[in-house]
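One structure below.
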Amino acid sequence: MILLAGAYRFPYAVSALKSGHGRLELRKFIFVTGGVLSGLGKGVIAASIGLLFKLRGYRVTLQKIDPYLNIDAGTMNPFEHGEVFVTCDGKETDLDIGRYERFLDEELSAVNYITTGQVYWNVIRQERAGAFLGKTVQVIPHITDEIKRLIQLPLTQNKAEIGVIEVGGTVGDIEVLPFLEALRQLKDELPREDTFFVHLTLLPHLASTDEIKTKPTQHSVKELRAIGIQPDMIVARCDRSLADSIKDKIALFCDVPQQNVIEDLDLPSIYDVPLTMKDQGLDRRIAEELGLPQQEAEVDRWQALTKRLQEPSQRVRIGIVGKYVQLRDSYMSINEAFLHAGIALDVGVDLEWISAEAIFHEGPKAQLSGLDGLLIPGGFGDRGIEGKVRAVGYVRKKGIPFFGICLGLQCAVIEYAREHLSLPKANSSEFDPATPHPVIDLLAGQTTVTEKGGTMRLGAYEAVLREDSKSYSCYGVQRIYERHRHRYEFNPRYRQQFENGGARIAATSPDDQLVEIIEVVEHPWFVGVQFHPEFKSHFLSPHPLFCGFIKACLKRRSSSPSASS
Ligand code: GLN
Numbered sequence: 002m003i004l005l006a007g008a009y010r011f012p013y014a015v016s017a018l019k020s021g022h023g024r025l026e027l028r029k030f031i032f033v034t035g036g037v038l039s040g041l042g043k044g045v046i047a048a049s050i051g052l053l054f055k056l057r058g059y060r061v062t063l064q065k066i067d068p069y070l071n072i073d074a075g076t077m078n079p080f081e082h083g084e085v086f087v088t089c090d091g092k093e094t095d096l097d098i099g100r101y102e103r104f105l106d107e108e109l110s111a112v113n114y115i116t117t118g119q120v121y122w123n124v125i126r127q128e129r130a131g132a133f134l135g136k137t138v139q140v141i142p143h144i145t146d147e148i149k150r151l152i153q154l155p156l157t158q159n160k161a162e163i164g165v166i167e168v169g170g171t172v173g174d175i176e177v178l179p180f181l182e183a184l185r186q187l188k189d190e191l192p193r194e195d196t197f198f199v200h201l202t203l204l205p206h207l208a209s210t211d212e213i214k215t216k217p218t219q220h221s222v223k224e225l226r227a228i229g230i231q232p233d234m235i236v237a238r239c240d241r242s243l244a245d246s247i248k249d250k251i252a253l254f255c256d257v258p259q260q261n262v263i264e265d266l267d268l269p270s271i272y273d274v275p276l277t278m279k280d281q282g283l284d285r286r287i288a289e290e291l292g293l294p295q296q297e298a299e300v301d302r303w304q305a306l307t308k309r310l311q312e313p314s315q316r317v318r319i320g321i322v323g324k325y326v327q328l329r330d331s332y333m334s335i336n337e338a339f340l341h342a343g344i345a346l347d348v349g350v351d352l353e354w355i356s357a358e359a360i361f362h363e364g365p366k367a368q369l370s371g372l373d374g375l376l377i378p379g380g381f382g383d384r385g386i387e388g389k390v391r392a393v394g395y396v397r398k399k400g401i402p403f404f405g406i407c408l409g410l411q412c413a414v415i416e417y418a419r420e421h422l423s424l425p426k427a428n429s430s431e432f433d434p435a436t437p438h439p440v441i442d443l444l445a446g447q448t449t450v451t452e453k454g455g456t457m458r459l460g461a462y463e464a465v466l467r468e469d470s471k472s473y474s475c476y477g478v479q480r481i482y483e484r485h486r487h488r489y490e491f492n493p494r495y496r497q498q499f500e501n502g503g504a505r506i507a508a509t510s511p512d513d514q515l516v517e518i519i520e521v522v523e524h525p526w527f528v529g530v531q532f533h534p535e536f537k538s539h540f541l542s543p544h545p546l547f548c549g550f551i552k553a554c555l556k557r558r559s560s561s562p563s564a565s566s
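If you want it as structure tokens, here you go:
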């Protein structure tokens, strides 16, 4: 069964949205902070809380605060920070925004992501414009006022009733202080039952004494209290279930009711987290304290899908040739998109991460034989390009399903031009500015761009599909909106040559100027897309191209069982 995008919708509590004066009646803030260490999964907890309230029938929005001086995540290294996620309106954000979209089954936008850099940028621009003439501009109140404004913006813009705001970093970090101060002020300005603070910590287990230690949690709560914030709930990451005595101790030392101590165990899948949170009463407790009526979150559909993760009836092996093969977070949305499509089709997708450099040095056969399909994801810079081009050649000639995303499409175009269209020196001008055949070239409008931040072709654009294409048979509609993040594109000067030589221009921009999808006609499934479909795949609504690709891989596997052994 394939779940259609957006088909799964819940009745919102629309009646509670506006009073006679058009003012939002219901407006609650749930803040998620983190203590002890980073990397405990605050994003998953925030997304789970958001989901549970959405499944209770509320309009929910999620926001991430990143305490970096970068204006956005676009200039950060995916090797250190994980993938750069792009919103439909073209903001380059932290990967947690992707997580929120995948849980909520909704598109978020630029206002759902704040950085320190952006806050200061806004305030400094106002100062230059003379907005504070005669005043000394300070962290309190000017920076904190701007933070409070930005925190409330997504609720207003999305007409949301509940905003879940995740504060990146760890309590105690210098960078986080202005944000926590702003939250403290907001808490004091709003009615008591309109804000709720969830604090995520770690409970380490000491093997020598077989004890779970609560001291780091106590200390991080103390840090939070020193700023004037008393958490309402402690979510404790732990590797074993918590005895009541441990919960009692945390409750006593951290001054929260015992029922508000929630355990956060390691689980097989992040999609199990909202269910275990619900089982422990997390959303019930928050609802009680926010004065919201009690109703059950309708998790049946979500639960049914998570069950499918456990025992899929079939499996496929798909290779991914990338630059950052050791760090999966760099391709998080692709991983997730395979998972969503696999669940919808009841297929377990085994991903094999293959280094482009290994293919270049050892040849594609050693690395790629036995795969049911190959995906080449997006990327920048020339490292590993020749290995990727060789990988494309191998699967194209062998009839192995191929899915190229952004840079993956560009490598496929280079390979096709060199090997099939007799243009042996064809290249992208990104990798060889002197190539006689720039089959991939700078987008018009990029030639004069010198600044790096936020200057690519970013965000969702419309594309029109050809009805006789493989892609159309996946989407089932002619007009699509997909998200972009690139400076280079297929060079339209070579369009005729490609079409005459067996390639299909399967989608273009509505004005027919930009090529958005290229397919190889005589191939079981060879699809290259200039956009990033993985950003639009959600747990409840997988992406049609990922579903189509997996189906082609299944077909390949069943028609050539020896290839998979
Ligand atoms: N580096 C290529 C470009 O800028 C591809 C970008 C990508 O894969 N996101 O066009």
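So the sequence shown is numbered by my numbering: it starts at 2 and just counts up by one. Glycine is no exception: its CB is placed at the ideal position from the N, C-alpha and C atoms.
- Query: What is the DSSP secondary structure of Asn492, counted as helix, strand or coil?
  - Reply: DSSP places Asn492 in coil when its eight states are reduced to three.
- Task: Report the option in Gly99, Pro68, Val528 whose CA atom is closest to the CA atom of Phe331.
- Result: The displayed chain sequence assigns Ser, not Phe, to residue 331. In terms of CA proximity to Ser331, Gly99 leads the group Gly99, Pro68, Val528.
- Item | Beta-carbon separation (whole angstroms), Phe550 vs Gly374, contact threshold 8 angstroms | Here Phe550 really is in contact with Gly374; their C-beta atoms are around 6 angstroms apart, less than 8 angstroms.
- Query: Around the Cβ of Thr307, are there at least 16 other Cβ atoms within 10 angstroms (buried) or fewer (exposed)?
  - Reply: Looking at its Cβ environment, which holds 16 or more other Cβ atoms inside 10 Å, Thr307 is buried.
- Query: Do the region 465-475 and the region 351-365 make contact, defined as three or more Cβ pairs closer than 8 angstroms?
  - Reply: In the pairwise beta carbon analysis, the region 465-475 is classified as not touching the region 351-365: fewer than three pairs are separated by under 8 angstroms.
- Task: Please name the residue in Leu27, Asn492, Leu340 whose C-alpha comes closest to that of Thr436.
- Result: If we check each option's Cα against that of Thr436, Asn492 comes out closest.
- Cβ of Cys89 within 7 angstroms of any heavy atom in the ligand GLN? The answer is no for Cys89.
- If you count every other CB in all the chains shown that lies within 10 Å of the CB of Asp97, and 16 or more means buried, which is it? Counting of Cβ neighbours within 10 angstroms places Asp97 among the buried residues, the total reaching 16 or more.
- Query: Which full runs of the alpha helix (DSSP H) of 4+ residues lie inside the region 61-94, going along the chain?
  - Reply: If only complete runs of 4 or more residues are kept, the region 61-94 shows the alpha helix (DSSP H) at 79-82, in order along the chain.
- Just confirm the distance between the C-beta atoms of Val390 and Phe403, as a whole number of angstroms; I'd bet it's less than 8 angstroms. A Cβ-Cβ distance of about 12 angstroms is found for the pair Val390 and Phe403, leaving them out of contact under the 8 angstroms criterion.
- How many angstroms separate the CA atom of Lys149 from the CA atom of Gly173? Those two C-alpha atoms are separated by around 20 angstroms.
- Query: With 16 other CB atoms within 10 Å as the buried threshold, where does Glu297 fall?
  - Reply: With a 10 Å radius around the Cβ and a threshold of 16 neighbouring Cβ atoms, Glu297 comes out exposed.
- Message: Please determine whether the Cβ atom of Gln497 lies at a distance below 7 angstroms from any heavy atom of the ligand GLN.
- Response: With a cutoff of 7 angstroms, Gln497 does not count as near the ligand GLN, since its C-beta is closer than that to no heavy atom of the ligand.
- Item | Cβ-heavy atom distance, Gln411 to the ligand GLN, below 7 angstroms | True, at least one ligand heavy atom lies under 7 angstroms from that Cβ.
- Would you mind reading off the limits of the alpha helix (DSSP H) that contains Phe432? Counting along the chain, Phe432 sits inside no alpha helix (DSSP H), nor does DSSP assign it H or E at all.
- Query: In three-state terms, what does DSSP make of Asp146?
  - Reply: Asp146 falls in the helix class under three-state DSSP.
- Message: Please state the DSSP three-state secondary structure of Ser566.
- Response: Confidence in Ser566 is poor, its pLDDT being 39 and thus under 50, which makes the residue's placement unreliable; the coordinate value appears in the next sentence. Note: Ser566 maps to coil in three-state DSSP.
- In whole angstroms, what separates the C-alpha of Ala227 from that of Gly320? Going by the C-alpha atoms only, they are around 50 angstroms apart.
- Message: Within 8 angstroms, do at least three Cβ pairs link the region 153-168 to the region 61-74?
- Response: The region 61-74 makes contact with the region 153-168: 3 or more CB pairs, one atom from each, lie closer than 8 angstroms.
- Straight-line Cα distance separating Ser209 from Ile386: Whole-angstrom Cα-Cα distance: 49 angstroms.
- Query: Say the cut is 7 angstroms; is the CB of Ser384 nearer than that to a heavy atom of the ligand GLN?
  - Reply: It should be noted that the sequence gives Arg, not Ser, for residue 384. It does not: the Cβ of Arg384 is nowhere closer than 7 angstroms to a heavy atom of the ligand GLN.
- Message: Would the region 252-260 count as touching the region 221-237 if we require 3 or more Cβ pairs under 8 angstroms?
- Response: Short answer: they touch.
- Buried versus exposed, by CB contacts within 10 Å (16 or more), Asp284: Buried.
- Do Asn78 and Thr116 have their C-beta atoms closer together than 8 angstroms? Contact: no.
- Message: Runs of 3 residues minimum, wholly inside the region 173-242: which ones carry the beta strand (DSSP E) assignment?
- Response: The region 173-242 contains these whole beta strand (DSSP E) runs: 196-203, 234-239.
- Query: So, Lys29 versus Glu176, is the Cβ gap smaller than 8 angstroms?
  - Reply: No, Cβ-Cβ distance for Lys29 and Glu176 is not below 8 angstroms.
- Query: Where does Gln57 sit, in a helix, a strand or coil, going by DSSP?
  - Reply: Before going further, note that residue 57 is Arg rather than Gln in the sequence given. Here Arg57 sits in coil by DSSP.
- Item | Strand pairing of Pro439, partner residues [DSSP] | BP columns for Pro439 point to Asn428.
- Three-state secondary structure (DSSP) of Gln158: DSSP, read as helix, strand or coil, puts Gln158 in helix.
- So the alpha helix (DSSP H) Trp303 belongs to, where does it begin and stop? For Trp303, the enclosing alpha helix (DSSP H) covers residues 301-311.
- Query: Hey, how far is the Cα of Pro434 from the Cα of Lys453?
  - Reply: Looking at the two C-alpha atoms, the distance is approximately 18 angstroms.
- Is Cys594 near the ligand GLN, with its Cβ less than 7 angstroms from a heavy atom? Because residue 594 is not part of the residues shown, which for the chain are 2 to 566, the question remains open.
- Kindly list the residues whose CB is nearer than 6 angstroms to the CB of Asp95, restricted to its own chain and excluding five residues on each side of it in sequence; keep chain order. Hits under 6 angstroms: Lys65, Asp67, Ala74.
- For Lys556, which of helix, strand or coil comes out of DSSP? When DSSP states are grouped into helix, strand and coil, Lys556 belongs to the helix group.
- Query: In chain order, what residues of the same chain have a beta carbon less than 6 angstroms from the beta carbon of His539, not counting five sequence neighbours either side?
  - Reply: Contacts found: Arg103, Asp106.
- Message: Could you tell me the alpha carbon to alpha carbon distance between Asp383 and Lys426, rounded to whole angstroms?
- Response: Taking the straight line joining both Cα atoms gives about 15 angstroms.
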